[in-house]
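Trainee: This structure is in structure tokens; I'll ask about it shortly.
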Amino acid sequence: MNKITLLQQQLDQHADPKTKAWWERYLKHVIPFRGVKMADIRAVLHPWVRDEGIDRLPVQEQKDLALALIRLDHTEDKLAGILFWQEILLPARAVDWPADLPAFTELFQQGYIYDWNTCDWFCVRVLGPLAEQQGADCAHAIAAWRTAEPLWQRRAAAVGFVNLARRGEANFPGFSEMLLGACAPLVASPERFAQ
Numbered sequence: 002m003n004k005i006t007l008l009q010q011q012l013d014q015h016a017d018p019k020t021k022a023w024w025e026r027y028l029k030h031v032i033p034f035r036g037v038k039m040a041d042i043r044a045v046l047h048p049w050v051r052d053e054g055i056d057r058l059p060v061q062e063q064k065d066l067a068l069a070l071i072r073l074d075h076t077e078d079k080l081a082g083i084l085f086w087q088e089i090l091l092p093a094r095a096v097d098w099p100a101d102l103p104a105f106t107e108l109f110q111q112g113y114i115y116d117w118n119t120c121d122w123f124c125v126r127v128l129g130p131l132a133e134q135q136g137a138d139c140a141h142a143i144a145a146w147r148t149a150e151p152l153w154q155r156r157a158a159a160v161g162f163v164n165l166a167r168r169g170e171a172n173f174p175g176f177s178e179m180l181l182g183a184c185a186p187l188v189a190s191p192e193r194f195a196q
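Adding 1 to a residue's 1-based position in the sequence shown gives its number in my numbering.
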């Protein structure tokens, strides 16, 4: 059995049909759910990383596993991948934005992030903390997504900074102008989830 299948089986052990039904109804059946709460995803993820020796793999293999999780169908699998980036790779300073941002771009371009829930979790848990950790050049590269073709990538160009916005220029000089520039095309768009 491969490592990802084992994680999925462990997530299934925490699945609740009522939670699954609620989330799928709330998201208008755009994406499938297992019915696992965020705390339980986290409670499964960290022991899986430790017990399966994933934390001892070369960093690129860890990143590849985290990306592979986000490419899966169910929301909880995607969230496990997102938490992997946020709670394991970012604190270890294992993320290098010039090398890793193209892989994030592919998640949007290839349609693996295609609903507001996954998009926004990825933004606030990965993109925002990454920009905060790695500075203005990283932030500008994310904000440049404002002209990307996929709606969700354009949305990420602004939502990625939602937790940093209140600090304005304390983030770095020119932050507010950058963020307003990222928001401008979204505000002008008639697409519901652009706004």
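The beta-carbon is built from N, C-alpha and C at its ideal position, and this holds for glycine as well.
As the structure is a computational prediction, the values presented were derived from the model and not from experiment.
#1: May I have the straight-line CA-CA distance separating Pro-151 from Tyr-113, to the nearest angstrom?
#2: Compare the Cα-Cα distances from Asn-164 to each of Gln-154, Ser-177, Arg-155, Ala-22 and report the closest residue.
#3: Starting from the Cα of Gln-61, find the closest Cα among Leu-84, Gly-161, Ala-95, Ala-159 and give me that residue.
#4: If distances are taken between C-alpha atoms only, which option among Ala-40, Ile-5, Ile-71, Val-37 comes closest to Glu-53?
#5: In whole angstroms, what separates the C-alpha of Trp-24 from that of Glu-170?
#6: Between the beta-carbon of Leu-58 and the beta-carbon of Leu-66, is there less than 9 Å?
#7: Helix, strand or coil for Gln-111 per DSSP?
#8: Report the CB separation of Phe-198 from Leu-180 in whole angstroms; it is logged as a contact under 8 Å.
#9: Does the distance from the CB of Arg-43 to the CB of Asp-78 come in under 9 Å?
Mentor: To lay it out plainly:
#1: To locate residue 151, count along the sequence shown from 1; it is residue 150. To locate residue 113, count along the sequence shown from 1; it is residue 112. Using only the alpha carbons, I get a separation of about 11 Å.
#2: For this step, residue 164 is matched to residue 163 along the sequence shown. Nearest option by C-alpha distance: Ser-177.
#3: As a working mapping, residue 61 is identified with position 60 in the sequence shown. It is Ala-95.
#4: In the sequence shown, the residue the question calls residue 53 occupies position 52. Ranking the options by Cα distance to Glu-53, first place goes to Ile-5.
#5: In the sequence shown, counting from the first residue as 1, residue 24 sits at position 23. In the sequence shown, counting from the first residue as 1, residue 170 sits at position 169. Cα to Cα, Trp-24 sits roughly 37 Å from Glu-170.
#6: Stepping through the sequence shown from its first residue, residue 58 is reached at position 57. Stepping through the sequence shown from its first residue, residue 66 is reached at position 65. In contact: Leu-58 and Leu-66 (Cβ atoms closer than 9 Å).
#7: Along the sequence shown, one-based indexing puts residue 111 at 110. DSSP places Gln-111 in coil when its eight states are reduced to three.
#8: The question about residue 198 has no answer here: the residues shown for the chain are numbered 2 through 196.
#9: Within the sequence shown, numbered from 1, the residue matching residue 43 stands at position 42. Within the sequence shown, numbered from 1, the residue matching residue 78 stands at position 77. For Arg-43 and Asp-78, no; Cβs fall outside 9 Å.
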